[in-house]
Amino acid sequence: MSTAPSVTPDDPTMLARFTERIQAGDQIEAGEWLPAEYRFEALRLINMHANSEIMGALPEREWIPRAPGLARKMALTAKVQDEVGHGMLLYRVAETLGRTRDEMVAELVAGRARFHNVFHYPAETWADVAIIQVFVDGAAMQTQGALRSCSYAPYSRVLKRICYEEDFHIQLGLDVWRSLAEGTPRQRAMLQDALRRWWTPIIHFFGMPDRVSPHTEKMLAWRIKVKSNEELRQQFLRKFVPIILEYGLEVPDPNLRWVEEEQRYVYTEPDWEELKRVGRNGGPKSADRLALRQRFHQQHAWVREAMNRWLTSQAHGAVA
Amino acid sequence: MTSGRVDQRDGGDARWERPLGTAPDVWAVFVQGRHRDMHVYAGDVHAPDAEMALVLAKESYTRRDPCVNLWVVRADQIHATAQTAAEMFVPAIDKSYRFGGSYRQQRRVLQSSYKASYREEDQ
Amino acid sequence: MPGVLTAIADPSVRDAFREWLLRIADDELVIGHRHSEWTGVGPDIESDVAMSSIAQEELGHGRALYEQIAQDEGSDVDRLAFGRAPNEYRHAALLEQENDGWEYSIVRLVLYEAFEGARLRLVAASGQEPVAGLARLLGREERYHGLFAETWLTRLAGGAVDGPGRVQAALDAAWPDALGLFEATPADDVLLRAGVLTSSPAAQREAWTDAVRPVLESCALTMPTAEAREGGRRGVHTPAFGRLLAQMTEVWRSDPEARW
Chain W
36 MSTAPSVTPD DPTMLARFTE RIQAGDQIEA GEWLPAEYRF EALRLINMHA
86 NSEIMGALPE REWIPRAPGL ARKMALTAKV QDEVGHGMLL YRVAETLGRT
136 RDEMVAELVA GRARFHNVFH YPAETWADVA IIQVFVDGAA MQTQGALRSC
186 SYAPYSRVLK RICYEEDFHI QLGLDVWRSL AEGTPRQRAM LQDALRRWWT
236 PIIHFFGMPD RVSPHTEKML AWRIKVKSNE ELRQQFLRKF VPIILEYGLE
286 VPDPNLRWVE EEQRYVYTEP DWEELKRVGR NGGPKSADRL ALRQRFHQQH
336 AWVREAMNRW LTSQAHGAVA
Chain H
6 MTSGRVDQRD GGDARWERPL GTAPDVWAVF VQGRHRDMHV YAGDVHAPDA
56 EMALVLAKES YTRRDPCVNL WVVRADQIHA TAQTAAEMFV PAIDKSYRFG
106 GSYRQQRRVL QSSYKASYRE EDQ
Chain V
2 MPGVLTAIAD PSVRDAFREW LLRIADDELV IGHRHSEWTG VGPDIESDVA
52 MSSIAQEELG HGRALYEQIA QDEGSDVDRL AFGRAPNEYR HAALLEQEND
102 GWEYSIVRLV LYEAFEGARL RLVAASGQEP VAGLARLLGR EERYHGLFAE
152 TWLTRLAGGA VDGPGRVQAA LDAAWPDALG LFEATPADDV LLRAGVLTSS
202 PAAQREAWTD AVRPVLESCA LTMPTAEARE GGRRGVHTPA FGRLLAQMTE
252 VWRSDPEARW
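Residue numbers (my numbering), protein chains in the order written: chain W, 36 to 355; chain H, 6 to 128; chain V, 2 to 261.
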């Protein structure tokens, strides 16, 4: 885990100037003075986002070799490639906050870091690919779309590109979704089943409704958080529940309904303990996915070592 | 970040210039979309040398957008103005005299004389 | 519009040309499948992304070539790519071997790209349009694949640790299968006699050896002397391909009539 915020208190004048700038809508660049707590929270957020992209490649990756048809195979490969690429962009942003990518990746494969809850679940059938692309990426799009206006400029810039690519993922997912929803009864059943299995993890995705706390307020004031968890969940439901209904599929929550007066969906309160357990790498696939990462990380130790030595020899060459 | 030059006029601690201070394996990537465009900074790659950086930059930064040419430069070779120096780019006096748009009146005159003298064979 | 095959009057030449196209498409499909297995687990993030593009392009080349055949026969590409029995595939064994480490995949890519670039030039020179034009187009992308592979090969073999030994072992393992790329079949004779193919498999192999030798030797690797392992061009494959095909077609086979 990241080191705790520095015990040395921030210079009050600097802190006041910083807070004032952010409240005026300014964005902060890499290398600028940051309050220790801001650095800690921004790094934690971006590091976890990067981890989630890298781990998020794994469930869908399982279906690349089995994708039904060449067009699907190419598109799914391109989609997973994008997620890996997002990991690259995000680790680079996290590096500007003070950790090296090697360090963050090593921590991830050792099982000592966190990644998003949805990537701890199995992708059991081809229909899971559609659900992940439409609903998981759709959920991520709400969070990331909002964070484009966050106060850390390097993060905000890469989110612009990430959101652009996520749009391709959702469109691709909708195409797979439609072919299954309008397909044979077996395909439709497969889709309904996948939707049922993914529903709770997706509701969990946005986290517990935020408590009103000084911490949350500070995150919002510093624009490391832009919208509350519940706001984002509602935004997601408004956009994605109609897709389920349009294809005559069943929303897996019998209590889900739109409340006109409150302009919001009510839904069955999920088991938040499950989210906490999963978040601590205790999900149904956490161990397998981490074991896979570890296996390849170890397998490639000599490649990293060879590249490091090459870098050193090149650096010396440049000096000579 | 030790070599930044100190601007004594701002209390003595406000560096206006600094190197990016990145790790030696970070390469900044510049993409030229079309020949008539400048190379534009697109992001970074980690690579052990320039050749590998170019090879890897291609798929990281040009797999969707058009590109005719790539540059990579070790990011630790880049120097930047400090963010705290951003103010020096903000004009304090009216600089509109530098822009053609400030001379609309004259342009109207020009246009009418242009129309009066318009001839097909000049085109 | 008649396709490339129906335009060939002589049925034996037509069949031989179909065989050649299918062989190229199968090579691209199978290596594309193997490369795609690296997506998400590459040795570093940037190379993971780059290898994934290469995988997509090989698959895309396969698809473009299957289209040429499918168009002529009123079939569709997925039926050609996914719907045949194992012994109806014509790729060389080199391409179906499992990714035995990054070094194996890089060595295989180096050996294959040197071959594939030259083969596309032969197709471009075949005079059979529109396939000849297509081959010129596809050649563009193969250049990057070769560049990526050689850049990696140099650094793995020239780097420290046990890189040189590992790369040499991968080269020794891949070599007999790589020579299998040049397995001669009756189709080659037919195409040579008809002037569609302008270089015999033996001559292609010689040119290829001359092309890869300086690359390998500049990395201080030893050219292996093992004999070719053949069979792929006649539909005889190793167990690795049986497993690959079963996995690749698992979903599609569950209902080939469905739209996926």
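Virtual Cβ for every residue (Gly too), placed ideally from N, Cα, C.
- Query: Taking the runs of the beta strand (DSSP E) that are 3 residues or longer, which of them lie wholly in the region 33-111 of chain H?
  - Reply: 44-51, 74-79, 84-86
- Could you check what DSSP says for Tyr90 (chain V) in three-state terms: helix, strand or coil? Position 89 of the third sequence, counting from 1, holds the residue named residue 90 (chain V). Of the three classes helix, strand and coil, the one that applies to Tyr90 (chain V) here is coil, per DSSP.
- Message: At the level of alpha carbons, what is the spacing between Val247 (chain W) and Ala256 (chain W)?
- Response: Residue mapping note: residue 247 (chain W) aligns to position 212 of the first sequence, counting from 1. Residue mapping note: residue 256 (chain W) aligns to position 221 of the first sequence, counting from 1. Cα to Cα, the separation comes out at about 13 Å.
- Item | At least three beta-carbon pairs within less than 8 Å, the region 202-209 of chain W to the region 163-182 of chain W | yes
- Check Glu67 (chain W) in the structure and name its three-state DSSP category. For the purposes of this step, residue 67 (chain W) is identified with residue 32 of the first sequence, where counting begins at 1. Looking at Glu67 (chain W) - three-state DSSP - the assignment turns out to be coil, as it is neither helix nor strand.
- Query: Glu22 (chain H) and Thr86 (chain H): beta carbons closer than 8 Å?
  - Reply: For this step, residue 22 (chain H) is matched to residue 17 along the second sequence. For this step, residue 86 (chain H) is matched to residue 81 along the second sequence. Yes, the pair counts as a contact, with Cβ atoms nearer than the cut-off.
- Message: Going by beta-carbon coordinates alone, are Asp73 (chain V) and Val132 (chain V) separated by less than 8 Å?
- Response: Locating residue 73 (chain V) in the third sequence gives position 72, counting from the first residue. Locating residue 132 (chain V) in the third sequence gives position 131, counting from the first residue. No. Outside cutoff.
- With respect to the alpha helix (DSSP H) encompassing Trp233 (chain W), which residues constitute its N-terminal and C-terminal limits? Position 198 of the first sequence, counted from the start, is the residue given in the question as residue 233 (chain W). First-last of the alpha helix (DSSP H) with Trp233 (chain W): 220-240.
- Taking only beta-carbon atoms, is Glu340 (chain W) less than 8 Å away from chain V? Locating residue 340 (chain W) in the first sequence gives position 305, counting from the first residue. Yes, its Cβ sits closer than 8 Å to a Cβ of chain V.
- By Cβ distance, which residues of its chain are closer than 6 Å to Gln177 (chain W), with the 5 residues on each side in sequence left out? Indexing the first sequence from 1 puts residue 177 (chain W) at position 142. Closer than 6 Å at Cβ, skipping near neighbours: Leu267, Gln270, Phe271.
- Query: Beta carbon of Glu47 (chain V), beta carbon of Leu61 (chain H): below 8 Å?
  - Reply: For this step, residue 47 (chain V) is matched to residue 46 along the third sequence. For this step, residue 61 (chain H) is matched to residue 56 along the second sequence. It is a contact, given that the beta carbons lie within the stated cut-off.
- Task: Determine whether the Cβ of Thr40 (chain V) lies closer than 8 Å to any Cβ atom of chain W.
- Result: Looking up residue 40 (chain V) in the third sequence gives position 39. Taking Cβ atoms only, chain W reaches closer than 8 Å to Thr40 (chain V), which makes this a yes.
- Message: Closest to Thr112 (chain W) by C-alpha separation, out of V:Val42, V:Pro87, V:Ala65, V:Trp103, would be which residue?
- Response: Against the first sequence, residue 112 (chain W) aligns to sequence position 77. Ranking the options by Cα distance to Thr112 (chain W), first place goes to V:Val42.
- Take the Cβ of Glu151 (chain V) as the centre, count every other Cβ of all protein chains shown within 10 Å, and call the residue buried at 16 or more, exposed below. Walking along the third sequence from the start, residue 151 (chain V) turns up at place 150. The residue in question, Glu151 (chain V), is buried, as its Cβ has 16 or more Cβ neighbours within 10 Å.
- Query: Are any of the Cβ atoms in chain W nearer than 8 Å to that of Ala259 (chain V)?
  - Reply: Here residue 259 (chain V) corresponds to residue number 258 of the third sequence, with the count starting at 1. Closer than 8 Å to some Cβ of chain W, the Cβ of Ala259 (chain V) qualifies, so yes.
- Message: On the CB-based measure, 16 or more other CB atoms within 10 Å of its CB, does Asn152 (chain W) come out buried or exposed?
- Response: As a first step, residue 152 (chain W) is located in the first sequence; it is residue number 117 there, counting from the start. Answer is buried; the Cβ neighbour count reaches 16.
- Is it true that the region 73-91 of chain V meets the region 245-254 of chain V, where meeting means three or more beta-carbon pairs spaced less than 8 Å apart? yes
- Continuous alpha helix (DSSP H) assignments of at least 4 residues falling wholly in the region 148-220 of chain V: 164-180, 187-194, 202-219
- Name the residues in the region 50-65 of chain V whose C-beta lies less than 8 Å from a C-beta of chain W; which are they? Val50, Ser53, Ser54, Ala56, Gln57, Leu60, Gly61, Gly63, Arg64
- Message: Here's a check: name, in chain order, each residue in its chain whose Cβ is nearer than 6 Å to the Cβ of Trp234 (chain W), leaving out the five neighbours to either side.
- Response: To locate residue 234 (chain W), count along the first sequence from 1; it is residue 199. So the list reads Pro287, once near-sequence residues are dropped.
- Query: Looking at Gly233 (chain V) and His62 (chain V), is the spacing between their C-beta atoms short of 8 Å?
  - Reply: Position 61 of the third sequence holds residue 62 (chain V). Position 232 of the third sequence holds residue 233 (chain V). Contact flag unset, no.
- Item | Beta-carbon proximity check, Trp345 (chain W) vs Asp54 (chain H), cutoff 8 Å | To locate residue 345 (chain W), count along the first sequence from 1; it is residue 310. To locate residue 54 (chain H), count along the second sequence from 1; it is residue 49. In this structure, Asp54 (chain H) lies closer than 8 Å to Trp345 (chain W) by Cβ.
- Message: If I follow the unbroken alpha helix (DSSP H) through Pro100 (chain W), where does it start and stop?
- Response: The residue you call residue 100 (chain W) lines up with position 65 of the first sequence. Careful: Pro100 (chain W) lies outside any alpha helix (DSSP H) and carries neither H nor E.
- Message: To the nearest angstrom, how far is the alpha carbon of Trp307 (chain W) from that of Gln69 (chain V)?
- Response: Taking the first sequence and counting its residues from 1, one reaches residue 307 (chain W) at position 272. Taking the third sequence and counting its residues from 1, one reaches residue 69 (chain V) at position 68. Cα to Cα, Trp307 (chain W) sits roughly 55 Å from Gln69 (chain V).
- Message: So, does the region 91-107 of chain W touch the region 26-37 of chain H, judging by three or more C-beta pairs under 8 Å?
- Response: no
- Show which residues of chain H have a CB atom less than 7 Å away from the CB atom of Asp163 (chain V). Counted from its first residue, the third sequence places residue 163 (chain V) at position 162. Simply none; closest approach about 18 Å.
- Which residue spans inside the region 145-196 of chain W form an unbroken alpha helix (DSSP H) run of at least 4? 161-166, 172-182
- Query: If you run the structure through DSSP and keep just helix, strand and coil, what is Pro225 (chain V)?
  - Reply: Locating residue 225 (chain V) in the third sequence gives position 224, counting from the first residue. Here Pro225 (chain V) sits in coil by DSSP.
- Message: Quick check: what's the CA-CA separation for Glu231 (chain V) versus Ala241 (chain V)?
- Response: Along the third sequence, one-based indexing puts residue 231 (chain V) at 230. Along the third sequence, one-based indexing puts residue 241 (chain V) at 240. Between Glu231 (chain V) and Ala241 (chain V), the C-alpha separation is close to 15 Å.
- Task: Rounded to whole angstroms, what's the CA-CA distance from Val162 (chain V) to Ala129 (chain W)? Just pull it up for me.
- Result: As a first step, residue 162 (chain V) must be located in the third sequence, where it is residue number 161. As a first step, residue 129 (chain W) must be located in the first sequence, where it is residue number 94. Distance between the alpha carbons of Val162 (chain V) and Ala129 (chain W) is about 30 Å.
- Length of the line joining the Cα atoms of Gly160 (chain V) and Ala341 (chain W): The sequence position of residue 160 (chain V) within the third sequence is 159, counting from 1. The sequence position of residue 341 (chain W) within the first sequence is 306, counting from 1. Roughly 5 Å separates the two Cα atoms.
- Query: Candidates H:Val36, H:Ala52, H:Lys100: which alpha carbon is nearest Val45 (chain H)'s?
  - Reply: Counting from 1 along the second sequence, the entry for residue 45 (chain H) is found at position 40. Closest by alpha carbon: H:Val36.
- Message: Is the separation between the beta-carbon of Leu95 (chain V) and that of Ala175 (chain V) shorter than 8 Å?
- Response: Position 94 of the third sequence holds residue 95 (chain V). Position 174 of the third sequence holds residue 175 (chain V). In contact: Leu95 (chain V) and Ala175 (chain V) (Cβ atoms closer than 8 Å).
- Between which two residues does the alpha helix (DSSP H) containing Trp261 (chain V) stretch? Numbered from its first residue, the third sequence carries residue 261 (chain V) at position 260. Taken as a continuous stretch (DSSP letters only), Trp261 (chain V) belongs to no alpha helix (DSSP H), as it is neither H nor E.
- Query: What separation, rounded to the nearest whole angstrom, lies between the Cα atoms of Glu66 (chain W) and Leu132 (chain W)?
  - Reply: Your numbering for residue 66 (chain W) matches position 31 in the first sequence. Your numbering for residue 132 (chain W) matches position 97 in the first sequence. In the sequence under discussion, the amino acid at residue 66 (chain W) is Gly, which differs from the Glu named in the question. Taking the straight line from one Cα to the other gives about 8 Å.
- Item | Cβ of Tyr113 (chain V) within 8 Å of any chain H Cβ | Locating residue 113 (chain V) in the third sequence gives position 112, where the first residue counts as 1. So, not an interface residue.
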